[in-house]
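With numbering that gives the first Met the number 0 as the guide, the letters of the sequence shown map in order to residues 0 to 732.
C-beta: ideal position from N, C-alpha, C; glycine also.
All values derive from a computational prediction rather than experimental measurement.
Contents: one structure, followed by commentary.
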Amino acid sequence: MFAGFVAKRLCALLFWVSLASCPLHAENVLNVKTSWIGNTFGFGNGTWMQIDIAAIAVSPDGKVYTNTIWDESGAEASIYQDGKVLGVASDTHGWGNLGGTAVAINHKYEFLAVSVGNERGHLVSPGVWPEKGKQWYGVSRREIADPKRSAPFHSGANVSLALDPRARLAASFLMVNEVPSDQKAEIDGLAANDTTLYVANTARDRIEVYDAESMLQKTTWSVPEPGRIALAPDGTLWVLSGPRGDRTRRVLHYTADGQRLNDTLPLPDDTVVADVAVDGQGRVLVADNGPRQQVLFFSRTNGRYAMSGTLGERGGIFSGVSGRPGPQRFNGLTGVGVDARGNVYVSCNGVGPIRKVIGANLGATLESYAPDGRQLWQLQGLLFVDGAWMDPSRPDSVYTGNKRFELDLSKPAGQDWKYVGFLSNRFKYPEDPVFTVAEWPGLPIARRLKGRTFLFLTDMYADHIKIYRFDAAHDGETAIPSGFIAGSAKAVEHIPNAPPGGDWLWRDTNGNGRFDANEFSPNNTGAKLPGGWGWWVDSAGDIWRARDTKGIFRLHFGGLDAKGNPIYAWSDMTTYPVPAPFTELRRAVYDADTDTMYASGYTADLGVDRAFWKEAGRVLVRYDKWSSGKPVQRYAITLPWETKARPVSTIMGFAVEGQYIFAVEPFATVHVYDKASGREVGVFRPGPEVGRASGWVDVPNGISAFRRGDGEYLIFVEEDARGKVLMYRWKPT
């Protein structure tokens, strides 16, 4: 979504104690440099790398066609070549449309697995959208020369194709399955030559064969849970069969008319097959998303197939220094393909093939390798619904929800970061809540406590907190599950051994990173933490919860246990009433060094609008001597709040650092206030380096700030529209 609007500046509120007041005047736009982290492209030239890749198809000349269920800005089906973005197919996002998990090409068409819904019955047009309560799964045919253009093969839409692009899109859609909207019936594999399209109807246990021009069905044959399909040079088909992500999945060989051949691939026992391809030599390439994290090559010798080579370090990103990215260190393989020159292409998403609506959300990579194994290029779309926080233990090191980056601020924008750590090891710590709780790892707060670094992750809805420790000597970059503060029962329903009802503490007392039954502590205090929109971890390790009308709760840091986990206990919690002038709180940010509280929310005069339930509120107040029992209000700031404006103007979150408060609006306008007086210093917005654009900042902790030794400030803001985090550089004069 686009920023670039001028927010109406409001005066500070005058209350009965010392105040911050300011006359209306023209806004002061600060001199800020814009950069970003986490995506190969910043959108300065209108391109970005998508956030997930579920499937790829590779043309003989090395063009890579992708597909996935979701990319926030509609790049589900993208085209890449030589490390550049060539285009986006479009119409796989919005208006009932979603991408899918399969893609195929021939010389004339691109075939995309997609689904079509009706936005809960709000989209109505026979032949264009399904009836209310129904969902379609099928294949969208596009022109290979310009995949934005759909390629009609019937006139099923009820209006002129020339006049209505949605009718044209509908006339280019092959409906394979119609199911109730609460069910799934995805197409998990496609293959094509110039005359024939092969469709893996996974839900119906069959391969369906269509004429590639008329799209009329020619035949079908049975295959148990068919998945990816690879078309060999001799016209035969290699088909994945069995549950996605399961070690029992097999690779079967068929003739073009569906006769099962007796060939078998001697897969290692721990192989988890994610994709299959065949190169010009007839070698079968298998993307192994098991512990090996490799591409396996199989060649036919003396009438049998044998493994003849591999691409990738065995163990992938988890070998050697666990979590350290690099060439041939694959992480969550989803696709493999090969071009006419023998170059191999590998897509990863941090976890592998899945069926979630929003995709993996652990970051996408697309890589190309020469036949000798040299990396030719790599693209990265690593972040989604994510923030950033400077590492308290290392200079120029930055944490996000499940990654670490290093900065070199001497380099130009977009070249000033390097991806150096993937924090989630699903093989060693399979119960890591990154894989089981919510759709995203979370927004980071990193703290150094008792000489050790800890990572605290808050979620998009401020429901719970994940806590992680590090042990570089044994676990490399991996963040080890260490603690958890649960909110609602729904959010933690997949946590093993969790007590019913939510509202519990967990600490990994035996250090194995698993949720053992004897490690939970239900909240029996009567002061319930679920609900509310404010989580904060101060520099001393205390955890703060702003709980709407219920007050502020403080869980005191109790040191470290024998395994190095931070200790929190319900018996060591302090409760504070809602302070005047607030009637409802949204955020509570405490500075432990100065005993200062910065709280935001609503007052009797400036009340809540329930339509904007994630915002920080309309008033921000500073309280000195917070822990004294008689806190002193120094000032109150009336925050920007124009909910009827287009685009809307309100504050989603704020950060306190150095001499300033940084408060961000939904479209990434950042207001800077003097921390001592509450006076507004100025504003800044995304610059040309990122196309002056940002997605909606719709998380409670979407902004952080860090003052460098030379007085320059780094300000990080969530930017989920195009898979990155914005990084601003500002040096006050």
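Taking the CA atoms as reference points, Gly450 sits about 16 Å from Ala478. If only complete runs of 3 or more residues are kept, the stretch 235-286 shows the beta strand (DSSP E) at 236-240, 249-253 and 272-277, in order along the chain. Residue pairing for Pro223: DSSP places it in no beta bridge. Beta-bridge annotation (DSSP): Asn66 is paired with Ala54. Bounds of the beta strand (DSSP E) holding Ala478 are Ala478 to Ile484. From the listed residues Arg243, Arg246, Trp237 and Leu266, the smallest Cα separation to Ala255 is found for Trp237.
Annotation for His473: no beta strand (DSSP E) segment contains it, though the alpha helix (DSSP H) segment containing it runs Ala471 to Asp474. Judged by DSSP in its simplified three-state form, Arg203 adopts helix.
Between Pro290 and Gly311, the CB-CB gap reaches or exceeds 8 Å.
If you check the CB distance, Glu430 and Arg513 come in under 8 Å.
In the structure shown, the three-state DSSP call for Glu177 is strand. Across the structure, Ala74 and Glu438 are spaced so that their CA atoms are roughly 19 Å apart.
At the C-beta level, Ala363 and Asp51 come within 8 Å of one another. Counting C-beta pairs closer than 8 Å gives fewer than three between the stretch 491-501 and the stretch 562-577, which falls short of the contact rule.
By the neighbour-count criterion, in which a residue is buried when 16 or more other Cβ atoms sit within 10 angstroms of its Cβ, Lys147 is exposed.
For the beta strand (DSSP E) assignment, the uninterrupted runs of no fewer than 3 residues enclosed by the stretch 90-141 are, from N- to C-terminal side, 102-104 and 108-115. Sorting Val84, Ala273 and Gly319 by C-alpha distance to the C-alpha of Ala101 places Ala273 at the top.
In this structure Val320 does not touch Tyr304 by the C-beta definition: roughly 34 Å separates them, more than the 8 Å allowed. When the Cα atoms are used, Val57 and Pro179 turn out to be separated by approximately 34 Å. Here DSSP, grouped into helix, strand and coil, assigns Phe434 to helix. Counting only the Cα atoms, Trp69 lies some 16 Å from Trp695. With 16 or more other Cβ atoms inside 10 Å of its own Cβ, Asp338 counts as buried.
The Cβ-Cβ distance between Val620 and Ala598 falls below 8 Å.
If you ignore the 5 residues before and after Pro326, its C-beta comes within less than 6 Å of the C-beta of Gln374, all in its own chain and listed in chain order. Within 10 angstroms of the beta-carbon of Phe552 lie 16 or more other beta-carbons, which makes it buried. Here DSSP, grouped into helix, strand and coil, assigns Gly681 to strand. Look at Lys730 here: in three-state DSSP terms it is coil, with no helix or strand label. Its chain contains Ser240 and Gly241 as the residues whose beta carbon lies nearer than 6 Å to that of Arg249, once the 5 sequence neighbours on both sides are disregarded; these appear in chain order. Exposed is the label assigned to Pro370, since fewer than 16 other Cβ atoms lie within 10 Å of its Cβ.
In the DSSP assignment, Pro146 falls within the unbroken beta strand (DSSP E) covering Asp145 to Ser149. Just measuring C-alpha positions, the residue of Asn27, Val28, Lys32 and Ala25 sitting nearest Tyr727 is Lys32. Within its own chain, the residues whose Cβ lies closer than 7 Å to the Cβ of Val689, once the five positions on either side in sequence are excluded, are Thr33, Trp35, Gly41, Phe42, Gly43 and Leu725, listed in chain order. Annotation for Arg167: the continuous alpha helix (DSSP H) segment containing it runs Pro164 to Ala169. In the three-state reduction of the DSSP assignment, Arg323 falls in the coil class.
As far as DSSP is concerned, Ala387 takes part in no beta bridge. Apart from the 5 residues on each side of it in sequence, Ser213 sits with its Cβ closer than 8 Å to the Cβ of Phe152 in its chain, given in chain order.
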